[in-house]
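Peer 1:
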Amino acid sequence: MGSMDNTAKRLLQRLVRRIPSQMLKTTLDKWSRLTAAQRQSMDYTESKWALTEKLLAICEENELTVKHIAELEMIHVIENPNLGMWYVFQLMDPQDDAHSVELTQFKEQFKSHLSELIRHVSIKIKKHTDEAVWIRIAWGDTFSRPNHLKPTYVVHYLQTPYVFLTSPTSKQKPLLSQALVLSTRYQAIKDANLSGRKLTAIRDLLMKQYLQVFPTKFPSPLAERNCVVSNLHIEKEQAGSAANRHQMACEAFGDGILPQLQSAVYKLETKFRDHTNKTMTERDEPFKCVVKFASTNLLESLRHSASSGVASTPVTPLLSSVPLKGKNYFVITDNGPGPSSQMKPSQK
Amino acid sequence: MCGSAYKNRPQPNYCSCVVPVWVNERPVREILTCQSPRTTRTHPRTARRRPPWSFSVARTPTDSIMAQRRSKNKSYRQSYRSCLGAASRLSHTPGWTARRLNTSRRTKSHNITEKVNPEDLALLVKTEWQLSYVTPLYQFRHTQLRSYSRQLSAFITAEKQQGLAVEVEGAQTSFRVSFSAVQGLGETDDDAETVLLQIHSKPVFAGKDEAQKLVWSGWLTCINGNPEYLHLLPKDFTCLPLFGSRGAENLTSLVKSWFQQTFDCCFGPLEINQTCLQWLAALWTNCHIESSIQHLKMIWTLPVEPPLQITYTVNSQDVWELWNSVRNPSLESREEEEAARSIDIEEVTRFMQGLKSHFYRHFRLDLSAGRLSQVSSALGSAKFSGRIKMSNSRYVLTTLTLLTECALLKMPI
Amino acid sequence: MCALSEGVLSHLSLLEVQARSRKSRLQQQSRVMELKAKVEALKTQREQLKAQIQTHQVWGLMVAECDFRSLLACCNPLFFPALFYLLISSGGYDIIKTRKGKGACVSIATAYEDVFLDTFNLEIDLKPTVKINRHNIPPFIPLNNLAEQNNMQTDLRVFLDTLSQHLNAFAGRKQQLKLVKEKHKSVEVMESNVLCSLLVLLFTVPREKTAVLCTLDYTDHTRCLPTRVHLESEDKQLPDSPQWEKNCSLLMETPVHKALITMKKMGSIV
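Residue numbers (the working numbering), protein chains in the order written: chain A, 983 to 1330; chain B, 5 to 417; chain C, 304 to 573.
(1) Between which two residues does the beta strand (DSSP E) harbouring T305/B extend?
(2) Indicate whether Y1144/A and V1070/A have their beta-carbon atoms separated by less than 8 Å.
(3) Is the CB-CB distance between H114/B and L300/B below 8 Å?
(4) My parser needs the beta strand (DSSP E) runs of 3 or more residues fully inside the region 317-400 of chain B; what are they?
(5) Between W220/B and G190/B, how many whole angstroms is the CB-CB distance? I'm expecting something under 8 Å.
(6) I need the DSSP call for E163/B, collapsed to helix, strand or coil.
(7) Less than 8 Å separating the beta-carbons of F247/B and S136/B?
(8) Can you tell me whether V1304/A is buried or exposed, with buried defined as 16 or more other CB within 10 angstroms of its CB?
(9) In angstroms with no decimal places, state the Cα-to-Cα distance between T37/B and A411/B.
(10) Given a threshold of 16 other Cβ atoms within 10 Å of its Cβ, counted over all protein chains shown, does I293/B qualify as buried or as exposed?
(11) If you drop the 5 nearest sequence neighbours on each side, which residues of the same chain put their C-beta closer than 6 Å to that of L94/B?
(12) I need the straight-line Cα distance from E173/B to P1296/A, nearest angstrom please.
(13) Between E1084/A and chain C, is the shortest Cβ-Cβ distance under 8 Å, so that the two count as touching?
(14) Applying a beta-carbon distance threshold of less than 7 Å, which residues of chain B neighbour L1250/A?
(15) Using C-beta distances below 6 Å, list every residue in its chain close to E576/C, excluding the 5 sequence neighbours before and after it, in chain order.
(16) Taking C-beta pairs closer than 9 Å, name the residues in chain B that A927/A reaches, listed in chain order.
(17) Hey, S1104/A and A1120/A are a contact pair by Cβ (cut 8 Å); roughly how many whole angstroms apart?
(18) When you compare the CB of V186/B with every CB in chain A, is at least one pair closer than 8 Å?
(19) Considering only heavy atoms of the ligand GDP, does any lie closer than 7 Å to the CB of Q351/C?
(20) Please list the partners that Y1139/A has in chain C, where partner means a Cβ-to-Cβ separation under 7 Å.
(21) Alpha carbons only, please: which of A285/B, I347/B, R145/B, R154/B is nearest the one belonging to A185/B?
(22) Can you name the residues that DSSP bridges to C408/C?
(23) Is the CB-CB distance between A1362/A and F1092/A below 8 Å?
(24) So is R1185/A buried or exposed if we call it buried at 16+ other beta carbons inside 10 Å?
(25) Please give the ranges of any alpha helix (DSSP H) in the region 1005-1056 of chain A, keeping only runs that are unbroken, at least 4 residues long and fully inside the region.
(26) For T401/C and chain A, any beta-carbon pair shorter than 8 Å?
(27) What did DSSP end up calling I444/C once you bin it into helix, strand or coil?
(28) Between the Cα of Q1154/A and those of V1115/A, I1100/A, V1137/A, I1239/A, spot the shortest distance and give me the residue it belongs to.
(29) So, for T513/C: in the same chain, excluding its five sequence neighbours on each side, which residues have a beta-carbon less than 7 Å away from its beta-carbon?
(30) DSSP three-state call for C551/C: helix, strand or coil?
(31) Kindly give me the distance between the Cβ atoms of H560/C and Q479/C, rounded to whole angstroms, as I take these residues to be in contact under 8 Å.
(32) Sorted by chain position, which residues of the same chain lie with C-beta nearer than 8 Å to N1226/A's C-beta, five sequence neighbours on each side aside?
(33) Would you decide whether V320/C is buried or exposed? Buried here means 16 or more other CB atoms lie within 10 Å of its CB.
(34) Could you tell me whether the region 158-167 of chain B touches the region 254-272 of chain B, using the rule of 3 or more Cβ pairs below 8 Å?
(35) Inspect the CB distances between the region 278-290 of chain B and the region 346-357 of chain B and report whether three or more fall short of 8 Å.
(36) Just reading off the alpha helix (DSSP H) that V1304/A is part of, what are its end residues?
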């Protein structure tokens, strides 16, 4: 019975399966738990099964444990943050010293607070070159050891109010919220109603790292894409309104390549109003429905809808709220957008 | 079914139907004027018994055509086939494709659980079927179903052994095909009886005692087919225009090949078009009082770059009230008449318009710019690509009536 | 040789051309004189503004809206690059009115050491209340706090000036970090953050190869210089040595990338 228990073996197997062979070499190098000789002995043209066996043997040789394999997984996830589903939470009401929280302080505080809340938990914190703080949490409970096969990843940029989580379960959320709030010196945390598959996309959206368009004194024509002019007369006539639509579409959603959101969901609870339908208009109850917009790049689809005329301009605030507010889940009532769920850390 | 409902059903709009017939490679237009059905309210049964050629027909060269139609020989079959081929090559095929779906539809639900074999019914509902249309089958006999089972079985086994349809995984031998007639699924005598096909098989490495599993199923049906069209068909043709299949694609193509060879017919993909999808949305919503639809879900696709998919799901109570508000004022006094009252296309249009306008009010996006690609509710789901699921047995007949109409519209002649 | 054969007419046209060019040359000359005078006037103005900046340490150029723009308008970057640069590089901001006066769009330019950096924009509703509509300011700049503290409702200009200060200071610190990474590869950046309000550097002392950890705290977010410098070393005596005390005050008073150059010259670090 070596150092690698069943969980460690399974974790390693899963990792080798997931990581494409050509990336395996660089990931293992970054891990730096293998000696030069061991690294040389790996033949990446072999089958995944063979590679797994080889690695298992090496890990046993080096007396590595599940914690080390967890490290390897973390390296892989940090390099590939656009797999899986991310949910955004927002910290609220910073205390006076929130802006001066620095990394060592945050790490210590987070680890100590979370360990206080749960008996068995495994926490790994790593700072990435783009200033992001990555946290990997394996959850256990009073009776069982941390489960490394179902970790939660947390990403936070210090001095910003946003926290990105993968797969938070309802049991883990309050504990995590408590630890985050205390270690970042804020007072509360709430669901930011933004989610997506690509971490980089939702991060860029919230950090305003994409090309936004603002009204200028000397508006220059926005770069035109290659369009085939079918009829010069039509083009001339439509040129003005087309340019206008394009400008409004870009002002609402941005220019150039936009962060890749996959969907936006609107829960509508507004009254039905249509002057041609008296019965429904006189109804007191709201017309309840849910609308979901989905695309490989939602913001670009919406922008194209506006610039092509499929969506009327000026763009409705419901749609432009996605980039403006950095949200993709909305509850719309007749009194305006509904309040987002606020979660105060549980008093323990 | 209720006799008065049948009698009072809306009559199809008769007009001059132009059917191109090619004789010896030369087109001859045959105009069939139907005897004024608006004035004579003959009982459908008597009307049905009149053979097609009793209609007044322009004489030349009728006789030769009629004579040819009666013959079973190969040359006739070839010319009929060439009709189909030629007609389908035409970009605008007059005749049946010039007609549109019925603008009015009965909505009565039918409790067929008593009439239909429960096993067959169970197979039919709760499964998603891929639809195709089939041209009329030549010399198909409901009495020969067992023989057909054997023939198809042999055909499939032979094709598989030839390695024409090679599968790496799940290679199977010994296919057992069963054709069966589904009794009780149908309303009129005009409709040919629905035929159900099932293919059972055992995997290659299965144990001796392991039972054969159902690997493929399909059906051919005609529910409330247009009597006008059905009467026009010559005696030896059976019209089962709607084909539904579920299972491996290679088996589906083998079944189709066999049918094409044996019954001289053509298969083609049946798309469920916008109008049809809208009809289903309205028909299902209409059933909410009787059987809860839980919600009405519609999926639209907008032609932007990249394509945008919009899923619009409406609460069942709210959508039912909207539907109710767009109905034409009811002329029926009795409750049962009320429940079975027909739906007109204008009501469906108003319903869809209401849904779209609520959407527009919020998003300033006109859904008409896009294409409705899917409609679903607790009673079933329908996709533009031709996939249908009927989850509640009460509405199977209504749905199949609509789909039969769609299939008939696709007939090349 | 054939002048006469080419004709009197051609000779006359030649004379005409000559006369014309003389006239245009004259015109050009007077125009040049005009422009030269303008240059002098603007040069004086530039000196005045430069002086103002130095004495008041103003980050945002508090020029009245119209003066700023009219200055800019008559200042052709081709002829008066210095002045143009000055006006832009001192990090002023530009406002345009939108939606028929109901809104405004503010453009805040940032610059550091004569290098034009990012531009930040805010779209503001002016009626019925002053409210920020849309912006591309990153979330670590406490926009809402600044708006509240500076009474954005009543004094938009003060708010914008403060915001401009914060943004310019951030841009400056970010630029310093970038230059440290590019130009001082021997110095390792141990820690930094998105706001660039904290910098931890690892120095190596030459010869002994001792490591010195230097923490720069920029707690005043409106400034490009640190408010606190803290040194730690394996050699406990080192931070208290006169050389390093000098380095400490150097780091407090000089932008870090420049301070490092000096420290290298002095032989304090590798």
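Think of the CB as a built atom: it goes at the ideal place given N, C-alpha and C, for glycine as much as any other residue.
Peer 2: In short, the structure shows the following:
(1) 299-306
(2) yes
(3) no
(4) 375-381, 384-387, 391-394
(5) The Cβ separation is near 24 Å, so there is no contact.
(6) helix
(7) yes
(8) buried
(9) Only weak support is given to the placement of T37/B: the predicted model assigns it a pLDDT of 33, under 50, and the question is left unresolved by the model.
(10) exposed
(11) With a pLDDT of 37 at L94/B, under the threshold of 50, the predicted position of this residue should be treated as unreliable, though the coordinate-derived value follows. Nothing meets the Cβ criterion.
(12) Interpretation of E173/B is limited by its pLDDT of 46, a score under 50 that renders its predicted location unreliable; no figure is taken from the coordinates.
(13) yes
(14) H366
(15) Any property of residue 576/C remains undetermined from this structure, which presents chain C solely from 304 to 573.
(16) No answer is possible for residue 927/A: the residues shown for chain A start at 983 and end at 1330.
(17) 4 Å
(18) no
(19) Summarising the ligand content, the structure contains no ligands, and the ligand GDP is consequently not present.
(20) V497
(21) R145/B
(22) I399/C, E426/C
(23) Because chain A is modelled from 983 through 1330, residue 1362/A falls outside the range shown and cannot be assessed.
(24) buried
(25) 1018-1023, 1030-1043
(26) yes
(27) coil
(28) I1100/A
(29) S536, E537, D538, L541
(30) helix
(31) 5 Å
(32) T1295
(33) exposed
(34) yes
(35) yes
(36) 1299-1307
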